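Under this note's numbering, the residue at position 110 of the sequence shown is numbered 127, and the numbers go up by one with no gaps. This report refers to the structure that appears directly beneath it.
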Amino acid sequence: MLVGFMGAGKSSVGKLLAAELGLPFVDTDALIEERAGASIQRIFAASGERGFRREEKAAIKEVLAGPDAVVALGGGALQDPTVRALVQAETVVHLDVELEEAMSRIGTGTGRPMLQQDPTDLYQQRDPVYRAVGKFTVATRGSTPHEIAKVIAERLESW
Ligand code: S3P
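In C-alpha cells form, the structure reads like this:
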C-alpha cells in the first residue's frame with residue numbers, strides 16, 4: 018500500500034510496482050469515482066470533503082477485504098483514525114516528496130479540490146503521519162517511477 022502527499026507518484030509508481038510483483042493495482046481514488054459514477058471534483062462539490070471521506074473510507078474497507086493488491090491511497094486518507102487503524106496491519110510504503118516538487122508535478126491542480134487551500138498546512142500536518150504509518154519511506158526526488166518501483170520491490174523482498 019502506497020501513501021504520501023498529492024503528487025508523490027503513488028499511482029504511477031503503484032502501477033509499475035504491481036506489474037513488478039505480479040499483483041493487481043488498485044487506486045482508491047479511481048475506485049471511489051467508479052462507485053460514485055462521478056469525478057472526485059464532483060463528489061466534493063456535491064457532498065463536501067466529509068462526503069468524500071465517507072466514500073473513501075468505504076472504498077478502503079472494500080479493498081482491504083479483497084484479494085492481495087498494490088493499493089494507492091489518496092493523500093488525505095490517513096487523516097481518518099479508522100483508516101489509520103485499518104491499514105496498520107498492511108505493508109505501507111511512504112513515498113516521500115517535498116512540497117515544492119509535489120506542486121510542480123501537480124501543475125494547476127485541476128481535479129484536486131484540496132488544493133483550493135494553501136497546501137503548506139496540509140503538508141505539515143500530514144507528513145509526520147505518512148512517516149509514522151509507513152513501514153519505510155522511499156525518497157522520490159531525482160528518480161523515475163520505474164526506479165522507485167524497483168527500490169520498493171527490492172526492499173519488500175527482504176521484508
Ligand atoms: C486528496 C488527495 C487526492 C484525492 C482527493 C483528496 C487529499 O488523491 O484523494 O483529491 O486530501 O490529499 P492523490 O493523493 O492521489 O492526489
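Ideal Cβ placement from N, Cα and C applies to all residues, glycine included. Predicted model, so just to flag it, every value in this text is computed and none were measured.
If you look at Val30, you'll find it isn't in any beta strand (DSSP E); it sits in the alpha helix (DSSP H) that goes Lys27 to Leu38. Exclusion of Lys152 from the 8 Å shell around ligand 1 follows from its C-beta lying no nearer than that to any non-hydrogen atom of the ligand. Near ligand 1, meaning a Cβ closer than 6 Å to any of its heavy atoms, lie the following residues in chain order: Met23, Lys27, Asp46, Ile57, Gly91, Gly92, Gly93, Arg129, Pro130 and Met131. In the DSSP annotation of this structure, Thr137 is not part of any beta strand (DSSP E); the continuous alpha helix (DSSP H) holding it starts and ends at Pro136 to Val150. Membership of Ala156 in any alpha helix (DSSP H) is not indicated; the residue belongs instead to the beta strand (DSSP E) covering Phe153 to Ala156. Taking a cut-off of 8 Å on C-beta distances, the stretch 111–120 does not touch the stretch 67–85, as fewer than three cross pairs fall below it.
Here Thr161 is exposed, its C-beta having fewer than 16 other C-beta atoms within 10 Å.
By the criterion of at least three beta-carbon pairs nearer than 8 Å, the stretch 83–96 is in contact with the stretch 22–34. Rounded to the nearest angstrom, the gap between the Cα atoms of Val146 and Val110 is 12 Å. In this chain, Asp46 is not harboured by any beta strand (DSSP E); it is covered by the alpha helix (DSSP H) spanning Thr45 to Ala53.
Between Ala119 and Met23 a beta carbon distance of about 6 Å is seen, short of the 8 Å cut, so the two are scored as contacting. Three or more beta-carbon pairs separated by less than 8 Å link the stretch 124–143 to the stretch 57–72, which places the two stretches in contact. Taking Leu103 as the centre and dropping the five residues before and after it, the same chain places the C-beta of Ile77, Lys78 and Leu81 closer than 8 Å to its C-beta, in chain order. Val87 places its beta carbon less than 9 Å from that of Leu19.
Annotated three-state conformation of Leu173 is helix, per DSSP.
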